[in-house]
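**Student:**
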Amino acid sequence: MSLLVVGLSHRSAPVSVLERASLSADAKVKLLHDTLAAEPATEATVLATCNRIELYADVDKFHAGVAELSTLLAQHSGVALEELTPYLYVHYEDRAVHHLFSVACGLDSMVVGEGQILGQIKDALALGQELHTAGRLINDLFQQALRVGKRAHSETGIDRAGQSLVTFGLEQLAVRTPVAEWAAGKRALVIGAGSMSSLAAATLARVGVAEIVVANRTADRAERLAEILVASGTGVRASAVPMAAVPDELTRVDVVVSCTGATGLVLTADDVLDAVSWGSAAGPDAAGAAWSVPVTERGSAPDPAPQSPAGLDSADAAGPAQAPAGLDSGLDSDVLARLVAAARAGGRLADAGAARTISATPEADGCPVGPDGRSALTGVDANSLELHGTWADQGEAAAQRQPRRSTRTPAHATTVRLALLDLAMPRDIDAAVHRIPGVRLVDIESLAEASADAPMAADVDAVRGIVAQEVAAFGAAQRAAHITPTVVALRAMAAEVVAMEVARLDGRVPDLDERQRAEVTQTVRRVVDKLLHAPTVRVKQLASEPGGAGYAEALRELFDLDPQTVASVSRADAADPMNDDDPGRAS
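What the sequence shown shows, in the numbering used here, is residues 1413 to 1999, in sequence order.
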């Protein structure tokens, strides 16, 4: 066995590199064709998911194989080789088997124990079979990986060590609130109708959202997914809309899950900004009650309102709003009333997309609205807004000046108007949306950060034990299989010798009747079988051990076996459909 894997994943490369290196369906096909056209590889397939790209091949030269596979990955991913190389990892022979089995069990996943990878491994095998690039080794390896993954999930509690990527993503959106409680009554938009989007839609229905809208470029697939959701028995309402309707749907939903195969952004920051601005201007009823529920535990009392600027906290709730001392009296009274109300509620005031936090201490740093921000509230001129920007928004300005460990919006920072879950690679949703107040984004990168320090369960150790056992068994079986053609050729040669000697006996003793001839023939065969039995059994045992590859060659030399005969047995064995397991059975 000369199995080689060259790849990169979320463990070796940053998300930005994985995004750029992602492979389209056409790129995967071309990559496999070019891999087989390269000298070192005799069979291959590619495992490409949202957080890994791995090229598996049976090679006859290790160093040449690494160089060739690395070059091909760079060529078809569009990332220069010198840039890609620092993030690549290489596994060979048993280490390559161990890696794939660990991947199949979810040990190498971003969320430990997630089971979606099994479907992706099955797809990788199916692609190799469809393109006829997967031979005996790749077929055996990936079919066994599927079985090992299923065994790990059935014999251990690995599912409890981590959730599926969708469930884990929803938990990150819900923060400390139970997902079912957080999702109750919400309206969700699912963009895409592929396997991951379908799983996301099913998960949303299961956790209790009230309605799901599916948007997809192919209307039939969106409608089919909506029909399945309605028939699921969860009681969720579901409908399909064209992709062109997504901007309108954004203004009416509470949660968005996106996972498409698009190479560019599906939702830009402007798209989300427009939706949040529209929802703010139209009021809470326009987008549903969920937008006004803080990220802190649903049902609990909101955090105490922050101290307002001088004069605001003493304003008469029942009376007309008066401008606090020292403020420009030219400020529109309606705007001032909204500022007062926002201060009392400890909330935010939307200015057509740029939200401002009421702060206690004004500073003279100027308006924190950046050059890309919207310049004015509806009905208020830009000069008035800038004049009072520092007074109304000191908290946000101070936050922008502080160094941040993460670019994600803190869970407690604002009321969530729109929750976004981006499971695509490359990303579907512009990462800049996390800067929009009232928007919470969870994507592949933030999921990696959240799961990096997850505690390892005892079940993970049990799965590691299973992987170790299966790797040893697979290696032994492959090494034993490697000598089988030689053993078969040896026995064929022995049978031919028996037939020749029986024919020679017939010429010398023509008077033997049929019974006598059969008895002599059977005796000769028994002698040959007994002489060959112990050596062939022992050589299989020795060949299955590490370093046993040389025994096949020794057997060929000792018995002067024709290499062409051995090769023909190998080809016949590989072509026999009875030797192939159904890959779907283990997936």
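Heads up, the beta-carbon is just placed ideally off N, CA and C, and yes, glycines get one too.
Here the structure is a predicted model, which means the values were calculated and not measured.
Grouping DSSP H, G and I as helix and E and B as strand, with all else coil, what is alanine 1508?
**Tutor:** Taking the first residue of the sequence shown as position 1, residue 1508 is located at position 96. The three-state reading of DSSP puts alanine 1508 in helix, counting H, G and I together.
**Student:** What does valine 1949 pair with, by DSSP beta-bridge criteria?
**Tutor:** Your numbering for residue 1949 matches position 537 in the sequence shown. According to DSSP, which records beta bridges pairwise, valine 1949 is partnered with nothing at all.
**Student:** If the criterion is Cβ atoms closer than 8 Å, does the pair isoleucine 2027 and valine 1949 meet it?
**Tutor:** This structure cannot speak to residue 2027, because the chain is shown only from 1413 to 1999.
**Student:** By the three-class DSSP mapping on this structure, what secondary structure does glutamate 1466 have?
**Tutor:** Locating residue 1466 in the sequence shown gives position 54, counting from the first residue. Strand, per DSSP.
**Student:** Can you give me the start and stop residues for the beta strand (DSSP E) that threonine 1447 sits inside?
**Tutor:** Numbered from 1 along the sequence shown, position 35 holds the residue referred to as residue 1447. That residue, threonine 1447, is in no beta strand (DSSP E); its alpha helix (DSSP H) goes 1437-1449.
**Student:** Considering Cα atoms alone, identify which of Arg1876, Gly1877, Leu1954, Leu1835 is closest to glutamine 1528.
**Tutor:** Locating residue 1528 in the sequence shown gives position 116, where the first residue counts as 1. Just measuring C-alpha positions, the residue of Arg1876, Gly1877, Leu1954, Leu1835 sitting nearest glutamine 1528 is Leu1835.
**Student:** Look up isoleucine 1856 in the DSSP assignment and say whether it is helix, strand or coil.
**Tutor:** Within the sequence shown, numbered from 1, the residue matching residue 1856 stands at position 444. Of the three classes helix, strand and coil, the one that applies to isoleucine 1856 here is helix, per DSSP.
**Student:** Pull up the CB-CB distance for leucine 1467 and glycine 1419, whole angstroms please, since I reckon it's below 8 Å.
**Tutor:** Counted from its first residue, the sequence shown places residue 1467 at position 55. Counted from its first residue, the sequence shown places residue 1419 at position 7. Confirmed, about 6 Å.
**Student:** Measuring only the C-alpha atoms, how far is aspartate 1460 from alanine 1536?
**Tutor:** Here residue 1460 refers to the residue found at position 48 when the sequence shown is read from its first residue. Here residue 1536 refers to the residue found at position 124 when the sequence shown is read from its first residue. Looking at the sequence itself, residue 1460 is alanine, so the reference to aspartate does not match. When rounded, the distance between both Cα atoms is 8 Å.
**Student:** Would lysine 2051 be called buried (16 or more neighbouring beta carbons within 10 Å of its own) or exposed?
**Tutor:** Here the chain covers residues 1413 to 1999 and nothing more, so residue 2051 does not appear.
**Student:** Starting from leucine 1416, trace the beta strand (DSSP E) in both directions and tell me its first and last residue.
**Tutor:** Residue 1416 sits at position 4 when you count from the first residue of the sequence shown. Annotation for leucine 1416: the continuous beta strand (DSSP E) segment containing it runs 1415-1421.
**Student:** Go through its chain and collect everything with a Cβ distance to threonine 1898's Cβ below 7 Å, but skip five positions before and after it.
**Tutor:** As a working mapping, residue 1898 is identified with position 486 in the sequence shown. Counting only Cβ-Cβ distances below 7 Å, and skipping sequence neighbours, we find Ala1964, Leu1967, Arg1968, Leu1973, Val1978.
**Student:** Using DSSP with H/G/I as helix, E/B as strand and the rest coil, what is alanine 1600?
**Tutor:** The residue labelled residue 1600 in the question sits at position 188 within the sequence shown. Strand.
**Student:** Just to confirm the assignment, what range does the beta strand (DSSP E) spanning leucine 1832 have?
**Tutor:** Your numbering for residue 1832 matches position 420 in the sequence shown. Residues 1830-1834.
**Student:** Kindly indicate which three-state DSSP category isoleucine 1841 falls into: helix, strand or coil?
**Tutor:** Position 429 of the sequence shown holds residue 1841. Note: isoleucine 1841 maps to strand in three-state DSSP.
**Student:** Roughly how many whole angstroms lie between the Cα atoms of proline 1849 and lysine 1562?
**Tutor:** Within the sequence shown, numbered from 1, the residue matching residue 1849 stands at position 437. Within the sequence shown, numbered from 1, the residue matching residue 1562 stands at position 150. Each residue's Cα considered, the two are about 43 Å apart.
**Student:** Hey, would you say arginine 1464 sits closer than 8 Å to histidine 1422, going by beta carbons?
**Tutor:** If you number the sequence shown from 1, residue 1464 lands on position 52. If you number the sequence shown from 1, residue 1422 lands on position 10. Arginine 1464 is a Cβ neighbour of histidine 1422, given a cutoff of 8 Å.
**Student:** Taking the continuous alpha helix (DSSP H) assigned at isoleucine 1533, which residues delimit it?
**Tutor:** For the purposes of this step, residue 1533 is taken as the residue at position 121 of the sequence shown. Segment 1528-1542, the alpha helix (DSSP H) holding isoleucine 1533.
**Student:** Would you mind reading off the limits of the beta strand (DSSP E) that contains alanine 1656?
**Tutor:** As a first step, residue 1656 is located in the sequence shown; it is residue number 244 there, counting from the start. Premise fails: alanine 1656 is in no beta strand (DSSP E) and is neither H nor E.
**Student:** When you compare only the Cα positions, how much space is there between valine 1441 and leucine 1543?
**Tutor:** Within the sequence shown, residue 1441 is the residue found at index 29, counting from 1. Within the sequence shown, residue 1543 is the residue found at index 131, counting from 1. Distance between the alpha carbons of valine 1441 and leucine 1543 is about 8 Å.
**Student:** Can you check which of these residues, Leu1611, Val1932, Thr1646, is closest to alanine 1596 by C-alpha distance?
**Tutor:** Counted from its first residue, the sequence shown places residue 1596 at position 184. Checked all of Leu1611, Val1932, Thr1646; the closest Cα to alanine 1596 is Thr1646.
**Student:** So for valine 1910, helix, strand or coil by DSSP?
**Tutor:** Looking up residue 1910 in the sequence shown gives position 498. The DSSP-derived three-state label of valine 1910 is helix.
**Student:** Considering only the alpha carbon of each residue, which of Val1828, Val1872, Pro1838, Val1875 lies closest to arginine 1852?
**Tutor:** Counting from 1 along the sequence shown, the entry for residue 1852 is found at position 440. Comparing Cα-Cα distances from arginine 1852 to each of Val1828, Val1872, Pro1838, Val1875, the minimum goes to Val1828.
**Student:** Going by the CB atoms, is the gap between alanine 1546 and alanine 1516 shorter than 8 Å?
**Tutor:** Reading the sequence shown from its first residue, position 104 is the one you call residue 1516. Reading the sequence shown from its first residue, position 134 is the one you call residue 1546. The answer is no: Cβ separation not under 8 Å.
**Student:** Quick one, are the C-beta atoms of valine 1427 and glutamate 1857 less than 8 Å apart?
**Tutor:** Counting from 1 along the sequence shown, the entry for residue 1427 is found at position 15. Counting from 1 along the sequence shown, the entry for residue 1857 is found at position 445. A contact, by the Cβ cut-off of 8 Å.
**Student:** Within 10 angstroms of its Cβ, does aspartate 1871 collect 16 or more other Cβ (buried), or is it exposed?
**Tutor:** Locating residue 1871 in the sequence shown gives position 459, where the first residue counts as 1. It is buried - the Cβ of aspartate 1871 has at least 16 other Cβ atoms within 10 Å.
**Student:** Count the other CB atoms, across all protein chains shown, that sit within 10 Å of the CB of methionine 1608; report buried if there are 16 or more and exposed otherwise.
**Tutor:** The residue labelled residue 1608 in the question sits at position 196 within the sequence shown. The residue is buried, with at least 16 neighbouring Cβ atoms inside 10 Å.
**Student:** Which same chain residues end up closer than 7 Å to glutamate 1913 when comparing Cβ atoms and leaving out the 5 residues on each side of it in sequence?
**Tutor:** Stepping through the sequence shown from its first residue, residue 1913 is reached at position 501. Closer than 7 Å at Cβ, skipping near neighbours: Val1936.
**Student:** Note down the Cα distance separating glutamate 1526 from isoleucine 1570, rounded to an integer number of angstroms.
**Tutor:** Taking the first residue of the sequence shown as 1, we reach residue 1526 at position 114. Taking the first residue of the sequence shown as 1, we reach residue 1570 at position 158. Near 8 Å, if we compare the C-alpha coordinates of isoleucine 1570 and glutamate 1526.
**Student:** List the residues that DSSP assigns as beta-bridge partners of isoleucine 1570.
**Tutor:** Working through the sequence shown from its first residue, we reach residue 1570 at position 158. Answer is none; isoleucine 1570 lacks a bridge partner.
**Student:** Who are the near neighbours of proline 2003 in its chain, counting only those whose CB is closer than 7 Å to its CB and skipping five residues on each side?
**Tutor:** In the structure displayed, the chain extends from 1413 to 1999; residue 2003 sits before or after that span and is not available.
**Student:** Have a look at Glu1505, Leu1641, Val1587 and flag the residue whose alpha-carbon is nearest the alpha-carbon of leucine 1859.
**Tutor:** Position 447 of the sequence shown holds residue 1859. Ranking Glu1505, Leu1641, Val1587 by Cα distance to leucine 1859 puts Val1587 first.
**Student:** Check for me: the beta strand (DSSP E) holding serine 1670 runs from which residue to which?
**Tutor:** Here residue 1670 refers to the residue found at position 258 of the sequence shown. 1667-1670 is the extent of the beta strand (DSSP E) around serine 1670.
**Student:** For lysine 1942, count neighbouring C-beta atoms within 10 Å of its own C-beta (all shown protein chains included) and say buried if the count is 16 or more, exposed if not.
**Tutor:** Stepping through the sequence shown from its first residue, residue 1942 is reached at position 530. The residue in question, lysine 1942, is exposed, as its Cβ has fewer than 16 Cβ neighbours within 10 Å.
**Student:** How many Å lie between leucine 1415 and valine 1429 at the Cα?
**Tutor:** As a working mapping, residue 1415 is identified with position 3 in the sequence shown. As a working mapping, residue 1429 is identified with position 17 in the sequence shown. Going by the C-alpha atoms only, they are around 26 Å apart.
**Student:** What does a CB cutoff of less than 8 Å around arginine 1432 pick up in its chain, not counting 5 residues either side in sequence?
**Tutor:** For the purposes of this step, residue 1432 is taken as the residue at position 20 of the sequence shown. The answer, listed in chain order, is Ser1489, Gly1490, Val1491, Pro1838.
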